[in-house]
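Residue numbers (the numbering used here): 2 to 700. Read through the structure below, which is laid out as structure tokens, and then see the notes.
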């Protein structure tokens with residue numbers, strides 16, 4: 002069956018190439034012949050030199066959205082002819098990146114001038130097409146002057162602030178990337194100890210309300226008790242702290258003006274999306290203004306030919322997918338809750354399909370961010386939509402996961418993915434917990450392209466569903482599947498406690514056993530084979546049965562348990578709150594740490610169903626607690642710290658997707674060490690010296 006699938010893919014590739022007048026299509030699977038076929042590409046740099054003995058080569062390096070590739074390559078060839086230059090074109094064109102290798106005489110000053118002219122013209126054309134001046138070579142010396150064209154003055158200033166914070170003496174590779182180290186203007190007045198509380202109180206709430214209404218409009222400001230309470234907390238157990246005022250922004254300019262006002266008055270600002278976070282990230286510890294972005298809910302641009310879109314921060318994941326449904330594309334990052342995309346960027350969210358499509362960090366191409374003085378920047382260039390860039394500092398990754406402490410995200414350019422031709426979902430209960438865990442590891446190590454694989458302990462259950470005899474079998478099956486190489490779209494784990502909770506809450510009839518939920522995305526011709534391999538793997542770890550479905554309604558029914566897990570867990574103990582742990586470990590360490598998690602629950606006599614997006618080593622224990630019972634809270638804290646420290650011991654992280662917020666600030670020091678934390682503090686101080694952006698979180 003696998004050979005048939007490969008053959009069909011090969012036929013498709015050949016037919017596609019021939020439809021565009023490919024002269025011939027040579028293929029091979031033999032290692033020696035494959036090396037021979039690729040020989041030309043690997044030798045291209047040296048071959049170019051040989052065209053002109055004694056010459057030197059200069060390689061340009063731009064990257065554009067994939068639909069702009071034909072145009073910019075044609076432009077390159079025309080410019081080479083106009084400037085009478087010898088240039089060979091090659092590229093990793095699958096992501097829109099290509100190079101022109103220019104063969105030049107280093108002693109011919111006129112030719113070098115023409116090469117410089119060509120490089121600048123090509124880079125500016127890439128920017129005109131919403132690309133970048135460098136996809137992988139970097140800035141170095143050659144493109145410093147062009148960097149300001151890509152990022153604008155404010156973007157360059159932001160890089161300078163970071164450079165000055167981390168290298169105040171300018172001794173680290175001076176003269177590269179940044180043109181000059183003098184800061185063009187200061188962000189705000191410097192306060193030496195930014196991590197103290199804001200002792201200077203601001204104007205009365207009445208004055209604050211009146212001033213904010215002047216900025217965002219009368220209908221977009223509230224200080225009623227109900228609205229303030231609603232914005233005082235997220236879905237976590239952390240105690241809420243209400244802001245003084247809630248302002249609803251409707252544009253980036255609104256956000257910028259509110260931030261400028263708050264900076265002048267020394268007022269804290271807390272960004273708020275949908276309030277679905279799990280670490281207390283939106284609570285207003287020092288009062289101030291909560292800035293609700295939910296009314297910034299426009300999909301600004303969809304580029305189906307380039308598989309990307311631009312959205313305002315308040316657009317939710319479900320709203321985006323509804324908007325693009327007819328394009329054949331999807332945004333697959335699914336954290337469970339219908340979170341805002343701005344919030345998902347701010348916390349680097351992931352979810353059930355991260356195993357196939359990555360986390361938010363891998364799917365964010367560019368961000369519009371309002372800094373602590375109201376400055377507006379674009380993190381990957383003013384119009385950047387290229388699939389990769391190595392231009393300047395990686396500001397995008399700096400702001401993904403910063404939880405509103407360095408800037409407020411107002412727009413995001415996101416990658417989209419093709420909606421699969423076919424989806425196969427499966428549910429596999431196991432005899433015990435260990436079997437489910439082991440099956441997870443086996444599936445992931447198999448290389449199967451799983452889209453999602455989820456685990457529910459015997460208290461939860463999904464588009465293949467596989468209950469196991471014990472939890473160890475389920476976990477081991479996960480590892481085996483992931484290591485097999487199967488292209489799993491998602492693989493989720495529920496322990497027996499979670500399955501039981503889901504049965505009660507959603508009136509399901511799942512086997513009360515540790516269970517894997519799997520999903521495969523692909524063509525009709527290959528998902529059947531992938532499902533068969535996953536089924537065989539699960540059964541080798543004592544999976545009790547393996548149910549799967551491709552029909553949309555049946556798939557939804559299979560996944561019902563996983564989607565209701567959070568609420569089902571809390572329903573086990575009416576009046577309780579759920580505290581969700583969120584560690585992530587290397588896939589091979591998963592069986593051991595899940596066993597550790599269950600043993601600690603028994604030792605501390607805590608109720609904690611387990612669920613996880615285990616395909617990437619991330620899982621959660623939903624500890625059910627009475628937030629008014631100090632003893633309960635002490636035990637939960639002890640459990641959370643013990644589990645986080647165990648994750649670090651096995652080379653994992655204290656949070657895979659929920660972020661730090663309030664709950665894990667002390668643990669962050671153990672993960673990064675004093676030097677790492679001091680580096681974060683230096684960046685925070687450079688970008689928010691007044692400490693007005695979500696104070697008291699992360700650091």
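Beta carbons: idealized from backbone N, C-alpha and C, even for Gly. Model, not experiment: these values are computed from the prediction.
Annotated three-state conformation of residue 291 is strand, per DSSP. As summarised for the segment 382 to 434, the continuous beta strand (DSSP E) elements at least 3 residues long and confined to that stretch are 409 to 416, 423 to 433, given in chain order. Rounded to the nearest angstrom, the Cβ distance from residue 272 to residue 285 is 11 Å, too far for a contact under 8 Å. For residue 685 and residue 404, the gap between their C-alpha atoms comes out near 12 Å. Residue environment for residue 229: buried (at least 16 other C-beta atoms within 10 angstroms of its C-beta).
CA-to-CA, the gap between residue 347 and residue 333 works out to about 17 Å.
C-alpha of residue 250 to C-alpha of residue 387: approximately 29 Å in a straight line.
With contacts defined as CB atoms closer than 9 Å, residue 159 and residue 100 fail to qualify as a contacting pair. For residue 361, there is no enclosing beta strand (DSSP E); the enclosing alpha helix (DSSP H) covers residues 361 to 364. For residue 53, the three-state secondary structure derived from DSSP is coil. Cβ atoms of residue 315 and residue 297 come within 8 Å of each other, at about 4 Å. Of 276, 291, 413, the smallest CA-CA separation from residue 299 is found for 413. In the DSSP assignment, residue 323 falls within the unbroken alpha helix (DSSP H) covering 318 to 324.
Between residue 466 and residue 429 the beta-carbon gap is near 6 Å, inside 8 Å, which marks them as a contact. The segment 114 to 170 contains, as complete alpha helix (DSSP H) runs of 4+ residues, the segments 145 to 167 (chain order). Partner residues in the beta bridge of residue 367, as assigned by DSSP, are 414. Residue 567 counts as buried, since no fewer than 16 other beta carbons sit within 10 angstroms of its beta carbon. Annotation: residue 547 is outside any beta strand (DSSP E) and is labelled neither H nor E by DSSP. Look at residue 272 here: in three-state DSSP terms it is strand. With respect to the 9 Å criterion, residue 394 and residue 666 are not classified as neighbours on the basis of their beta carbons.
Rounded to the nearest whole angstrom, the CA to CA distance from residue 252 to residue 216 is 11 Å. In terms of Cβ geometry, residue 697 and residue 287 form a close pair [threshold 9 Å]. Rounded to the nearest whole angstrom, the C-alpha separation of residue 63 and residue 156 is 19 Å. Note: residue 468 is bridge-paired with 516 in the DSSP secondary-structure output. Taking one beta carbon from each stretch, the segment 643 to 651 and the segment 562 to 580 have fewer than 3 pairs nearer than 8 Å; the two do not touch.
Closest by C-alpha distance to residue 605, out of 632, 616, 589, is 632. DSSP places residue 304 in the strand class (E or B) of the three-state scheme. Looking at the DSSP output, residue 43 shares a beta bridge with no other residue. DSSP places residue 679 inside the alpha helix (DSSP H), whose first and last residues are 666 to 688. Only residues of its own chain outside the window of five on either side were considered, and among them 212, 216 have a CB closer than 7 Å to the CB of residue 262, listed in chain order.
Rounded to whole angstroms, the Cβ separation of residue 121 and residue 292 is 41 Å, and the two are not in contact under 8 Å. Around the beta carbon of residue 350, a 10 Å sphere encloses 16 or more other beta carbons of the protein chains shown; the residue is thus reported as buried. Annotation for residue 581: the continuous beta strand (DSSP E) segment containing it runs 578 to 581. Sorting 319, 330, 328 by C-alpha distance to the C-alpha of residue 337 places 319 at the top.
Per DSSP, residue 73 is one residue of the alpha helix (DSSP H) stretching across 70 to 83.
Here DSSP, grouped into helix, strand and coil, assigns residue 622 to strand.
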